[in-house]
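Protein sequences, first through last, are from chains H and D. Here my numbering is used: the first residue of the first sequence is 5, the next is one more, and so on. Here my numbering is used: the first residue of the second sequence is 510, the next is one more, and so on.
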Amino acid sequence: MRNICFYFEIHQPLRLKRYRFFEIGQDHYYYDDFQNEERIRYLADQAYLPTNRIIAELIRSSNGNFRCTFSISGIALEQLEQYAPEVIDSFKELAKTGSVEFLAETYAHSLSSIFDANEFKQQVKMHSDKIEVLFGKRPTAFRNAELIYSDEIGELVSKMGYRTILLDEARQMLGWKSPNYVYNHEYLTKLKLLVRNHKLSDDIAFRFSNQSWNDYPLTAEKFVSWLNAMPQEEKIVNLWMGYEALGVFQRPESGIYDFMKALPYHAMEQQISFMLPSEVGKKLETAGSISAQHPISWSGLEKDISPWTGNDLQQEALHKLYGVSERVRLCNDKPLQHDWLMLQSSDHFRYMSHKDAYGTNYESPYEAFMNYMNVLADFLERVDAQYPTTIENEELNELLKTINHQEKEIETLEEELKKLRARKSKKEN
Amino acid sequence: MFGWEFPPHILGGLGTASYGLTKGMALQDDMEITFVIPKPHGDEDQSFLKIVGACNVPVVWKDNDWDYVNQRIGSQMHPDEYFWLRNGIKYDYTRIYTNDLGCIDFSGRYPDNLIEEISNYEAVASVLAHQMEFDIIHSHDWLTYPAGVFAKQISGKPLVIHVHATDFDRSRGQVNPTVYGIEKRGMDAADHIMTVSDLTRKIVIEKYFQDPRKVTTVHNAVDPLKDVDLYKKTPRKERVVTFLGRITMQKGPEYFVEAAYRVLQKTKNVRFVMAGNGDMLIAMIDLVAKRNIADRFHFTGFLKGSQVHQMLADSDVYIMPSVSEPFGISPLEAMQVGTPSIISKQSGCAEILTHAIKTDYWDIDAMADAIYSIVKNPAMYESLSKLGLEEVNNIKWQDAGLKVRAIYESVM
Numbered sequence: 005m006r007n008i009c010f011y012f013e014i015h016q017p018l019r020l021k022r023y024r025f026f027e028i029g030q031d032h033y034y035y036d037d038f039q040n041e042e043r044i045r046y047l048a049d050q051a052y053l054p055t056n057r058i059i060a061e062l063i064r065s066s067n068g069n070f071r072c073t074f075s076i077s078g079i080a081l082e083q084l085e086q087y088a089p090e091v092i093d094s095f096k097e098l099a100k101t102g103s104v105e106f107l108a109e110t111y112a113h114s115l116s117s118i119f120d121a122n123e124f125k126q127q128v129k130m131h132s133d134k135i136e137v138l139f140g141k142r143p144t145a146f147r148n149a150e151l152i153y154s155d156e157i158g159e160l161v162s163k164m165g166y167r168t169i170l171l172d173e174a175r176q177m178l179g180w181k182s183p184n185y186v187y188n189h190e191y192l193t194k195l196k197l198l199v200r201n202h203k204l205s206d207d208i209a210f211r212f213s214n215q216s217w218n219d220y221p222l223t224a225e226k227f228v229s230w231l232n233a234m235p236q237e238e239k240i241v242n243l244w245m246g247y248e249a250l251g252v253f254q255r256p257e258s259g260i261y262d263f264m265k266a267l268p269y270h271a272m273e274q275q276i277s278f279m280l281p282s283e284v285g286k287k288l289e290t291a292g293s294i295s296a297q298h299p300i301s302w303s304g305l306e307k308d309i310s311p312w313t314g315n316d317l318q319q320e321a322l323h324k325l326y327g328v329s330e331r332v333r334l335c336n337d338k339p340l341q342h343d344w345l346m347l348q349s350s351d352h353f354r355y356m357s358h359k360d361a362y363g364t365n366y367e368s369p370y371e372a373f374m375n376y377m378n379v380l381a382d383f384l385e386r387v388d389a390q391y392p393t394t395i396e397n398e399e400l401n402e403l404l405k406t407i408n409h410q411e412k413e414i415e416t417l418e419e420e421l422k423k424l425r426a427r428k429s430k431k432e433n
Numbered sequence: 510m511f512g513w514e515f516p517p518h519i520l521g522g523l524g525t526a527s528y529g530l531t532k533g534m535a536l537q538d539d540m541e542i543t544f545v546i547p548k549p550h551g552d553e554d555q556s557f558l559k560i561v562g563a564c565n566v567p568v569v570w571k572d573n574d575w576d577y578v579n580q581r582i583g584s585q586m587h588p589d590e591y592f593w594l595r596n597g598i599k600y601d602y603t604r605i606y607t608n609d610l611g612c613i614d615f616s617g618r619y620p621d622n623l624i625e626e627i628s629n630y631e632a633v634a635s636v637l638a639h640q641m642e643f644d645i646i647h648s649h650d651w652l653t654y655p656a657g658v659f660a661k662q663i664s665g666k667p668l669v670i671h672v673h674a675t676d677f678d679r680s681r682g683q684v685n686p687t688v689y690g691i692e693k694r695g696m697d698a699a700d701h702i703m704t705v706s707d708l709t710r711k712i713v714i715e716k717y718f719q720d721p722r723k724v725t726t727v728h729n730a731v732d733p734l735k736d737v738d739l740y741k742k743t744p745r746k747e748r749v750v751t752f753l754g755r756i757t758m759q760k761g762p763e764y765f766v767e768a769a770y771r772v773l774q775k776t777k778n779v780r781f782v783m784a785g786n787g788d789m790l791i792a793m794i795d796l797v798a799k800r801n802i803a804d805r806f807h808f809t810g811f812l813k814g815s816q817v818h819q820m821l822a823d824s825d826v827y828i829m830p831s832v833s834e835p836f837g838i839s840p841l842e843a844m845q846v847g848t849p850s851i852i853s854k855q856s857g858c859a860e861i862l863t864h865a866i867k868t869d870y871w872d873i874d875a876m877a878d879a880i881y882s883i884v885k886n887p888a889m890y891e892s893l894s895k896l897g898l899e900e901v902n903n904i905k906w907q908d909a910g911l912k913v914r915a916i917y918e919s920v921m
């Protein structure tokens, strides 16, 4: 029996406002509220809400046999809570059906998996906490921001207790292998790897309404017949896309919703069922291990991380940012830590790419860099005010360790004192 | 081709562009170019085209013997050619003041009696049109449009005019009606109009009421700098930001001063240089003094030749805040020596450059921000410098030449 695994991603960065250099040190608010609100409201009204309604209906009418997965970044959740809380409510409704799974990821949709393992762990935990609070279930499957993956990242994630990781169909990793199998990690064989079917996913997400496409119009019947024509051993087809694909990239007029409504019936008619990533990991046999020594992602033809880290501008920005991560984690200034997360969104670095600045709202990569660096300069000044960068990292750690030790010592001494006092008062009684 | 300037004796960008374009076109094997200018100096590079000096073309018949002509103009034109051209005199131009050879004395500059010089140039064109063999007439800028139009009327050959600038650029909207009239007549008579940018194309269509189908953009390019290795940056502790050009209203020098003022509020490690001369120089010196930044703001006066390249190479940022710039070749020259450029969106060259910072000319905040970013972030400087150099090396006159050729063929 063949299975479809649907997964939809929601992420929107907190976009930065125009921040000139003379505001450095003066203005500590970095975000373009108007733009962010408008963007989220637009997506909520055009895509998230209507599509959620359709998915709820599909689950109901198929008795829970239609199943799908969501991955919503922490930053996106925060913005939804603020600007479109009804979207959160409608996801809560979906969560109650039991046919929907929420994935773990980095809270800030960040590149921390590459630059800072400690930050990465902290963010993943933070995100899982938030998902558990909102939707009542702790995720067991993980997908990284931009589907970035390498053996090393797999190991990190596995150690945190996640059993399944999602990644993209990258030729340098899969070679001739088909994405339609479950694989496992090179040496941590319990860690299951699911691979996005690049062609079929993009057929729905990007080509559906393209009239010059050979296969236009795409009907559910046609789509299911493609699945049927695959070799019998290929058990799983992973269809993963941005949630905006349904409603914004593909407008309702294109018939995308009718396609989605018809798909489960045609699929089930052909004995094709729907699965969630955690179920796939448990139920299907793996076809062997695959390995990626260098990080892969889901972007472009190269499927590497060059859209975020490929040029000098991006390198400088990332190194400046992650240079202070130790210090930021040490401090307990709430606004500072919040800004720290917001500044880590991979999008900010994508906008600085010369070759593929997808989704940018800047006129050029240089402008994106200029604006980001001005904001970062102010942010670094604030970090510096807490923990001056003139002190070396090690030195700082030592000092803090001493302070921590002292605190603990004081605590134990105090407890002892309490006990003694209690004993004393007992005796007196 | 009718032009007004040709290197090495040039007064503005027109001469540089004429040289680059003809050199790029000459790479096509079957292209033969005769370039007419009012007054050659004899040291022009004639390896790829033939220069005819309008001041050596007789417009009034005078009897002279071969040796006398040879002694007078032999260094610039063969006497045989003089006598041959003399046969092309079909009209009576005795009303024009001519010298002993029947030729007109041109200044070759932009004198006060420019309009008269333009019409005298027209007279020369009539002689050439009657006598010479050619397939197409190409006129560079408004000074030569009347000559081109007349040559077309006489020979019946197609006329292409090349708009390097319009009076709207030069005057910020205060157009001189006489100049406008000459420009408009030239454009109306032309079979095709080439503009150096889409910006200029739009002006030609909207302000001169030309049929858009008749107007094509051919962006300028830049000649590779031969002795590029000569121009090395002198290491110094402070960053240098440079404005280089005529200090006139068109170039927006006041925006540069204001941007400098803003940058200096935040950092002291920068010096600003304004190189060039012009009618706003005094006003700019006053403004700098008023903003109290004179200790960090320097005026060099007019620079020429290799001084220009050295100044550009020594700069960390080149800035061109032009209010209206049909093309603007100088940012490309800055990029050739690896200097990052900030240009106004109102410049034609912004249309073809990716690795340069573009701001509105009036947006001094954005300009200041860009300057600050380049002097503060090494990655910004390096990227713009490295990628800019790569980019500018791929902007070739040869490609512009091919576009011009295609236009020729469409009207022939």
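The beta carbon of each residue, even a glycine, is placed where N, CA and C say it ideally should be.
Assigned secondary structure, residue i (DSSP; H/G/I helix, E/B strand, else coil)
{"i": "residue 591/D", "result": "helix"}
{"i": "residue 683/D", "result": "coil"}
{"i": "residue 835/D", "result": "coil"}
{"i": "residue 35/H", "result": "strand"}
{"i": "residue 335/H", "result": "coil"}
{"i": "residue 76/H", "result": "strand"}
{"i": "residue 114/H", "result": "strand"}
{"i": "residue 164/H", "result": "coil"}
{"i": "residue 124/H", "result": "helix"}
{"i": "residue 10/H", "result": "strand"}
Proximal residues of chain D, C-beta to C-beta of residue i below 9 Å
{"i": "residue 39/H", "result": "Per Cβ cutoff of 9 Å: no residues; residue 39/H is ~18 Å from chain D at best."}
{"i": "residue 319/H", "result": "888"}
Length of the line joining the Cα atoms of residue i and residue j
{"i": "residue 883/D", "j": "residue 890/D", "result": "5 Å"}
{"i": "residue 799/D", "j": "residue 773/D", "result": "14 Å"}
{"i": "residue 780/D", "j": "residue 840/D", "result": "19 Å"}
{"i": "residue 26/H", "j": "residue 897/D", "result": "27 Å"}
{"i": "residue 80/H", "j": "residue 743/D", "result": "50 Å"}
{"i": "residue 360/H", "j": "residue 7/H", "result": "33 Å"}
{"i": "residue 209/H", "j": "residue 251/H", "result": "10 Å"}
{"i": "residue 711/D", "j": "residue 877/D", "result": "29 Å"}
{"i": "residue 23/H", "j": "residue 369/H", "result": "15 Å"}
{"i": "residue 920/D", "j": "residue 694/D", "result": "19 Å"}
{"i": "residue 869/D", "j": "residue 406/H", "result": "55 Å"}
{"i": "residue 344/H", "j": "residue 109/H", "result": "17 Å"}
{"i": "residue 204/H", "j": "residue 310/H", "result": "24 Å"}
{"i": "residue 582/D", "j": "residue 535/D", "result": "27 Å"}
{"i": "residue 29/H", "j": "residue 382/H", "result": "6 Å"}
Contacts that residue i makes with chain H (C-beta to C-beta distance below 9 Å)
{"i": "residue 774/D", "result": "26"}
{"i": "residue 879/D", "result": "370, 371, 374"}
Partner residues on chain D for residue i, Cβ-Cβ distance less than 7 Å
{"i": "residue 316/H", "result": "888, 891, 892"}
{"i": "residue 377/H", "result": "882, 886"}
Amino acids of chain H, ordered along the chain, whose beta-carbon sits closer than 8 Å to that of residue i
{"i": "residue 867/D", "result": "367, 368"}
{"i": "residue 556/D", "result": "Neighbours of residue 556/D on chain H: none; closest Cβ ~39 Å, over 8 Å."}
Chain-ordered neighbours of residue i on chain H, where CB pairs are closer than 7 Å
{"i": "residue 874/D", "result": "24"}
Neighbour list for residue i in chain D, Cβ cutoff strictly below 8 Å
{"i": "residue 164/H", "result": "Within 8 Å Cβ-Cβ: nothing; residue 164/H doesn't reach chain D, min ~33 Å."}
Inset, instruction - Let me know the beta strand (DSSP E) ranges lying completely inside the segment 612 to 651 of chain D, each 3 residues or longer, listed in chain order. - result: 646 to 649
Legend entry - Complete alpha helix (DSSP H) runs within the segment 235 to 277 of chain H (minimum length 4 residues, chain order): 260 to 273
Inset, instruction - Please name the residues in the segment 767 to 797 of chain D whose beta-carbon is closer than 9 Å to at least one beta-carbon of chain H, in chain order. - result: 771, 772, 774, 775, 776
Legend entry - Under 7 Å (Cβ pairs) to chain H, residues found in the segment 702 to 736 of chain D: none
Inset, instruction - Within the segment 712 to 790 of chain D, note down every full alpha helix (DSSP H) run reaching 4 residues or more, in order along the chain. - result: 762 to 775
Inset, instruction - May I have a chain-ordered list of the beta strand (DSSP E) segments no shorter than 3 residues that lie completely inside the segment 816 to 890 of chain D? - result: 826 to 829, 850 to 853, 866 to 868
Legend entry - Ordered list of alpha helix (DSSP H) runs contained in the segment 47 to 96 of chain H, each at least 4 residues: 53 to 65, 78 to 87
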